[in-house]
Structures are given as structure tokens and as C-alpha cells.
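Under UniProt numbering, the sequence shown has 247 at position 247, and the numbering climbs by one with no breaks. Every residue, glycine too, gets a C-beta built ideally from N, C-alpha and C.
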Amino acid sequence: MANVVVVGAQWGDEGKGKIVDWLSERADVIARFQGGHNAGHTLVVDGEVYKLSLLPSGIVRGGKLSVIGNGVVLDPWHLKKEIEGLRGQGVEITPETLMIAENTPLILPIHGELDRAREAQNSVAKIGTTGRGIGPAYEDKVGRRAVRVADLADPATLESRVDRALVHHDALRRGLGLEPVDRAALLDALREIAPTVLEYAAPVWKVLDEKRRAGRRILFEGAQGSLLDIDFGTYPFVTSSNVIAGQAATGTGMGPGAIDFVLGIVKAYTTRVGEGPFPAELHDADGQRLGERGHEFGTVTGRKRRCGWFDAVLVRQTCATSGVNGIAFTKLDVLDGFETLKICVAYELDGQRIDYLPTAADAQARCVPIYEEMPGWSQSTEGARSWGDLPAEAIKYVRRVEELIRCPVALLSTSPEREDTILVTDPFED
Ligand code: GDP
Numbered sequence: 001m002a003n004v005v006v007v008g009a010q011w012g013d014e015g016k017g018k019i020v021d022w023l024s025e026r027a028d029v030i031a032r033f034q035g036g037h038n039a040g041h042t043l044v045v046d047g048e049v050y051k052l053s054l055l056p057s058g059i060v061r062g063g064k065l066s067v068i069g070n071g072v073v074l075d076p077w078h079l080k081k082e083i084e085g086l087r088g089q090g091v092e093i094t095p096e097t098l099m100i101a102e103n104t105p106l107i108l109p110i111h112g113e114l115d116r117a118r119e120a121q122n123s124v125a126k127i128g129t130t131g132r133g134i135g136p137a138y139e140d141k142v143g144r145r146a147v148r149v150a151d152l153a154d155p156a157t158l159e160s161r162v163d164r165a166l167v168h169h170d171a172l173r174r175g176l177g178l179e180p181v182d183r184a185a186l187l188d189a190l191r192e193i194a195p196t197v198l199e200y201a202a203p204v205w206k207v208l209d210e211k212r213r214a215g216r217r218i219l220f221e222g223a224q225g226s227l228l229d230i231d232f233g234t235y236p237f238v239t240s241s242n243v244i245a246g247q248a249a250t251g252t253g254m255g256p257g258a259i260d261f262v263l264g265i266v267k268a269y270t271t272r273v274g275e276g277p278f279p280a281e282l283h284d285a286d287g288q289r290l291g292e293r294g295h296e297f298g299t300v301t302g303r304k305r306r307c308g309w310f311d312a313v314l315v316r317q318t319c320a321t322s323g324v325n326g327i328a329f330t331k332l333d334v335l336d337g338f339e340t341l342k343i344c345v346a347y348e349l350d351g352q353r354i355d356y357l358p359t360a361a362d363a364q365a366r367c368v369p370i371y372e373e374m375p376g377w378s379q380s381t382e383g384a385r386s387w388g389d390l391p392a393e394a395i396k397y398v399r400r401v402e403e404l405i406r407c408p409v410a411l412l413s414t415s416p417e418r419e420d421t422i423l424v425t426d427p428f429e430d
């Protein structure tokens, strides 16, 4: 029995949804370990379309336990909405099928307000946040002034936690020209929502430990991508949590030894949403074509994604920082019909060839991609389910990618359909 962590190995939007869905069918427990309700994806199960952005993918399948770990920041009002929406579609959600870690910090309405007020300021470069309060909620967690799930159970504790947060927030709001927080209204709202959250509250670390000892398969579902990691991403244009695989342990309360296989999701080309460095970005017809063929628009925000050729330098780096054992290579079909494909194999920085993305933002901005060219293929790879269905050039492209990133392909995805997948290594059985 193996526990598998799935992480995006680029800037997010790698097609994690399809792969996580495929794996979650085979898992007993599916756990989120970072991020918030910005992890938008669409699942299609037996023809029914489900939109999820907070709850683990396993929730739409009966007989699984879905877990929200302490590494997540939780918006209780969004939780309620997502649960109600899914129930309306016939999904059964009970304290037996959904557990939320008691030590999970909450996203409050004041966090979203702060997020939006800051992004609206011209003086600070925009980070490109989704404005949902996720960053400010993480700030409060580290600042030791968060309201956590367990605090909702006791009215006196709740008041004192809110007061602690407001000392900080009111000072900040004055500086931003916002009204002070309406304490009474915030407390009322929290008291009202408390039962909805508390119904699912559990000591998740303990439950997971028991599941692991009983030989259950646990799937850790990552959101965003490793290049958005707070430590190893293109800081400061990053998300506010650790995204890399090690976070699966700290974000749920399991030891690193509980993770048996790290599956990195890698798209056959590169995209990025919002601001920040992107060395292999294309501003030409090829970039346009990748965006159109790949439908590169955000699921949550609708924002157009920036596109570029496959950047092997970045993926080699994220495979290292997450300890990726194998990749799921997605959207290969989007490359169909290109006469020539390019792969970024190194950067030129101030006249020197380097094989990694430097940490300093100004150095990142000066990196010029060095490309290797490969012949494309004219046949369609869409829907291929075996290596035999692929043109020789496509196989060569995949093999070259494996070589450059120093990591094997475990799964190859050739369309949005779950069956259109070539399985090389089963992460649960490896
Ligand atoms: P996620 O956030 O990592 O789940 O990625 P997104 O949901 O933003 O992007 C995945 C999109 O690509 C979805 O619309 C999928 O249906 C689609 N998709 C996933 N795998 C493939 C694939 O192999 N080929 C094509 N053409 N589309 C895919």
C-alpha cells in the first residue's frame, strides 16, 4: 500500500484535476494540505459536472474520506456554499465523509477586504492574487492571531481570538483608509457559521495515522504549482503557502515517511497566470496557438494565461524540490500540428550558461532561454491510450523531456477524458 502526493510541477493549471480524479477513485482518503478555495477545478464523473475549489476531489465519490488538513486556510462561508451546491447535485457529505482539521486557520471577511485593498494600491506591484483573503489569512496564522476551527466551539475563546486579530487589523486598515472592523457583526457571523464548520471538525492527524496503520491508501491533493511555492517559487509573485510535496506532511500532521510516491503534474508546454518572471514566455503566433489549442483561461478567475514552450530547467528544479518520483505529462495533444517544437534546456545569464532558475528576481528577469529544437508531428495524439497510438516524434519528445528533467513519465494524458491516459507506472503500486 502506498500514499501518493500529487503536486503541480509548474505554475499551476497543469491538469491536476483529471489526474487527481483518476487517482482518487483508487484511494481511500483524499486530503488537501495547503491553499484555500482558490484551487478551482472541474470534475466530470458519470456525465455530471462538479465544480470544486476547496473540498478534496474525493468528495464526489461515495465511500471515500475527504480531509481538509491544517495547512489549508478555510473560508467557512465558502465551505457552506460548496457543500450546499454539491448536496444539490446529490453528493452525500457527512462527518464520516468529510473531516476538517481542528487546527485549520479561518479566512475571515476582513482578509478578503485587505487582499483587495492592497491589490488596488498603485504603489505596490501587484502580486496577482485572487482576492479571496488567502494571503492575509496565512499572515495571521504565522502572526499567531488567527481564528482557528477549534476556537469556534467556545464563545469566550472566540471573542478573545477575534480581539487579538482586530488589534492588528484595525491598525492596518487605518493605514489603508478602510473603516475599522465591525466587531459585533464579525462575531455574530462567526457564531452563526460555527455549527456548520464544527460538524466536520476532527483531529485529522490522528485519523490519518489510524488510516495509515490500517493500510488505507491516502492521496494528498496539492493545489497551485511548485513555482508558486512561498519559499521555492518566483518570490514575491507566489502563493502564500508551501506547495511542494513536503507540505503534504506538515499540512496534515503526518511524518515525511508516510509519503511513498510524489507525482508531479507537468504540462507539455508552460503557462503562467498573472504577474512574475517567465523566461520562456512567447509573445508570438506560437504562444497564441498554445493558448488557443490548450484553452488556457483560468477556471476561477477567467484570466488568460501566458504561454511558452516547455521549460525543462524549471521542471528539473521543481522535480528536485518536491522529490518527484514520476510525472504525469499532460496536454501532449495540444502540441499536435506544430512543425517544430522547442524545449528550453538552459538559460543564458549575463553571458553565462546556467542550468537552474536563479533566486534573485533581477537575475530571473535577465535569463534568456536557450532552446533545443525537435521535429513536431502532424498526426493527432488526442485520445491516445497506448504508446503504439503515438507518432514516433511524440515519443521522442516525451523521452527527451524525461532525460532533461531527470524524472520518468508515470502517466501520459492525451485529452481531458480520464480514459485517454497512458499508464506507465501506477503510483499506488510502485
Ligand atoms: P488544474 O488546475 O491543474 O486541474 O488544471 P486546469 O483544470 O486549469 O486545467 C486543466 C484543463 O485541461 C481542464 O480543462 C482539463 O479538462 C484539460 N486537460 C487535462 N488534461 C488534458 C489533456 O491531456 N489534453 C487536453 N487537451 N486537455 C486536458
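By alpha-carbon distance to Ala268, the top candidate from Val238, Leu65, Val398 and Gly36 is Val398. Setting aside the 5 residues that flank it on each side, Arg305 is surrounded in the same chain by Thr271, Val273 and Glu296, each with a C-beta closer than 6 Å to its C-beta; the list follows chain order. Taking all protein chains in view, the Cβ of Leu219 is crowded by 16 or more other Cβ atoms within 10 Å, so the residue is classified as buried. With respect to the 7 Å criterion, His168 and Arg145 are classified as neighbours on the basis of their beta carbons. Per DSSP, Gly264 is one residue of the beta strand (DSSP E) stretching across Phe261 to Lys267. With 16 or more neighbouring CB atoms inside 10 Å of its own CB, Tyr200 falls in the buried class. In the DSSP assignment, Ile370 forms a beta bridge with Ala346. Tyr356 counts as exposed, since fewer than 16 other C-beta atoms from the protein chains shown sit within 10 angstroms of its C-beta. DSSP places Ile193 in the helix class (H, G or I) of the three-state scheme.
In this chain, Cys407 is not harboured by any alpha helix (DSSP H), its DSSP state being neither H nor E.
By a beta-carbon distance limit of 8 Å, Val315 contacts Val266. Their separation comes to about 6 Å. Ser386 is the residue among Asp430, Lys211, Leu172 and Ser386 whose C-alpha sits nearest the C-alpha of Glu419.
Inclusion of Gly17 in the 6 Å shell around the ligand GDP follows from its C-beta lying nearer than that to a non-hydrogen atom of the ligand.
Pairing Ser241 with Gly35 gives a Cβ-Cβ distance under 7 Å. For Ala101, the enclosing beta strand (DSSP E) covers residues Leu98 to Ala101. Annotation for Ala153: Leu198 place their beta carbon closer than 7 Å to its own, counting only its chain and skipping 5 residues before and after. The beta-carbon distance between Ser66 and Leu55, rounded to whole angstroms, is 6 Å. This is short enough to meet the 8 Å contact definition. Between the alpha carbons of Asp209 and Met254 lies a distance of about 7 Å. Less than 7 Å separates the beta-carbon of Arg132 from that of Asn38. In the same chain as Lys211, and ignoring 5 residues on each side of it, the C-beta atoms closer than 8 Å to its own belong to Asp28, Val29, Leu65 and Ile218, in chain order.
Look at the beta carbons and you see the region 409 to 426 not touching the region 359 to 378: under three pairs across the two are nearer than 8 Å.
For Thr97, the closest C-alpha among the options Val45, Ile83 and Leu282 is that of Ile83. Taking a contact as a CB-CB distance under 8 Å, the pair Leu187 and Leu158 counts as one, their CB atoms being some 7 Å apart. With 16 or more other Cβ atoms from the protein chains shown falling within 10 Å of its own Cβ, Gly222 counts as buried.
Taking C-alpha positions only, Pro203 is separated from Met99 by approximately 8 Å. Within the same chain, Phe220, Ala245, Ala248, Ile259 and Val262 come within 6 Å of Val5 by CB-CB distance, once the 5 residues on both sides are set aside. The straight-line gap separating the alpha-carbon atoms of Leu190 and Pro95 is approximately 20 Å. Out of Val147, Ile405 and Lys80, the CA that lies nearest to the CA of Gly323 is found in Ile405.
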